[in-house]
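Here the structure is laid out as structure tokens; the discussion comes afterwards.
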Amino acid sequence: MEANFKTLPECLDYFSDEEVCRQYLEHQRWGGTPACPFCGVINPYRTNRGFKCRDKQCGKKFSVTVGTVYENSKISLRLWFAVIYLCTSSKKGISSHQVGRQLGVTQKTAWFLLHRVREMLRDKAPQMLKGIVQVDETYVGGLERNKHLNKRAAKGRGESGKANDTKTPVFGIAETGGKVVVKVSDWVTKKEAQEIIKRHVEDKSTMVTDGYSMYAFLSKKNQFKHVVVDHSHGQYVNGGFHTNSIENFWSLLKRGIIGIFHQVSPWHLQRYCDEFAARFNSRKISDADRFELSIKNSNGRLKYNDLIAQGKESKGDEPDNGILIE
Ligand SMILES: [Zn+2]
């Protein structure tokens, strides 16, 4: 089975009913060899409603959605797939309000659906970046216009490394012309930068940054070659090196968050960053292929109570007003 649709109506035609969706998910998840999600034993018995584990001690019954983001959902797989298609094919993302209107569910239901799609899109085993690698940081969020003038954050980098609590710092690392890794952080300090670089960049890479003094540590070790592009003096290319890849990503992320989502709480910001990074990192393949790649990553549940674990903070996130249908 191979999905090859180019529009939402084609997607919905392709997934004509639940049985087609289930077969498709089975194929993408297990590649023809179903496995018990509880014990891992393969080739379970088929039952009327799904599977029964072949292992005598386990013997559990399960359906193809157990252990996936769709587990226990009252939303049909057909609708789920439509949401996944909309989310992965819209360059700047799609808001819960828009999904709610287009697919006839409440905004709150759409919000929870989309956060589970973000869980699918999260890179569970991020690969290391290497070669020419750009590092930069930015600040996201905060509604400046709602604040009294003297409480507005100074533009750019605050002395504390945190832009006066109104915006959330985000670090980004990008291979020139390649993939990005994006991390929401509490602080912009050398320590944070070092940790993120250690976790995501291979030694001997050429690191490209702007002139911010925090990144001077990259010049002091033999671990990396460090190239500085001094934006403050109007320099945007230095010997062919630049930070355009990460800056292009920032502009996409910010246009999406301001234009589509309007407001994102710091608590959920990492999930939105994961969504944008997943689309960015698969930008060279077709919408249908990106959809299929996402479905292959359906494993892993995200429960509503875990999603809103820090309760109040989620309220600033795409402000909602509806009824939840899980
Ligand atoms: Zn089992």
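If you read the sequence shown in our numbering, its first letter stands for residue 107, the second for the next number, and so on.
Idealized CB from N, CA, C, for every residue including glycine.
Residue nearest to residue i in terms of C-alpha spacing, selected from the options
i           : options            : result
residue 338 : 319, 351, 332, 326 : 319
residue 314 : 281, 120, 154      : 281
residue 178 : 239, 414, 204, 406 : 406
residue 154 : 125, 162, 143      : 125
residue 305 : 356, 236, 183      : 236
residue 374 : 334, 415, 208, 232 : 415
residue 372 : 190, 174, 424, 350 : 424
residue 380 : 285, 331, 350, 402 : 285
residue 321 : 403, 295, 213      : 295
residue 433 : 278, 132, 182, 174 : Residue coverage of the chain in this structure runs from 107 to 432, which leaves residue 433 outside it and unanswerable.
residue 413 : 278, 134, 147, 215 : 215
residue 276 : 352, 138, 121      : 352
residue 233 : 404, 332, 287      : 287
residue 198 : 317, 244, 367, 168 : 367
residue 303 : 194, 330, 386, 345 : 330
residue 162 : 172, 147, 394, 229 : 147
Residue i, DSSP secondary structure in three states
i           : result
residue 126 : helix
residue 245 : strand
residue 178 : coil
residue 297 : helix
residue 264 : Unreliable placement is indicated for residue 264, whose pLDDT of 46 sits below 50; the coordinate value is still reported in the next sentence. Here residue 264 sits in coil by DSSP.
residue 116 : helix
residue 368 : coil
residue 56  : Nothing can be reported for residue 56, as the shown portion of the chain is limited to 107 through 432.
residue 273 : coil
residue 347 : strand
residue 200 : coil
residue 121 : coil
residue 313 : strand
residue 206 : helix
residue 406 : coil
residue 353 : helix
residue 415 : coil
residue 391 : coil
residue 362 : helix
residue 322 : helix
residue 134 : helix
residue 144 : coil
With 16 other Cβ atoms within 10 Å as the buried cut-off, status of residue i
i           : result
residue 343 : exposed
residue 311 : buried
residue 308 : exposed
residue 203 : buried
residue 159 : buried
residue 115 : exposed
residue 231 : exposed
residue 145 : exposed
residue 135 : buried
residue 113 : exposed
residue 410 : exposed
Nearest-angstrom beta carbon gap, residue j and residue i [assumed within contact, 8 Å]
i           : j           : result
residue 225 : residue 359 : With 8 Å as the limit, residue 225 and residue 359 do not qualify as a contact, their Cβ atoms being about 18 Å apart.
residue 222 : residue 170 : The pair is not a contact, with the Cβ atoms about 16 Å apart (cut-off 8 Å).
residue 400 : residue 227 : 6 Å
residue 363 : residue 378 : 7 Å
residue 192 : residue 175 : Contact doesn't hold; Cβ gap of about 15 Å is too wide.
residue 396 : residue 404 : Not quite, the Cβ-Cβ distance comes to about 14 Å (not below 8 Å), so this is no contact.
residue 242 : residue 278 : 6 Å
**Request:** Could you tell me whether the region 204–219 touches the region 174–191, where touching means 3 or more Cβ pairs closer than 8 Å?
**Result:** Touching, yes.
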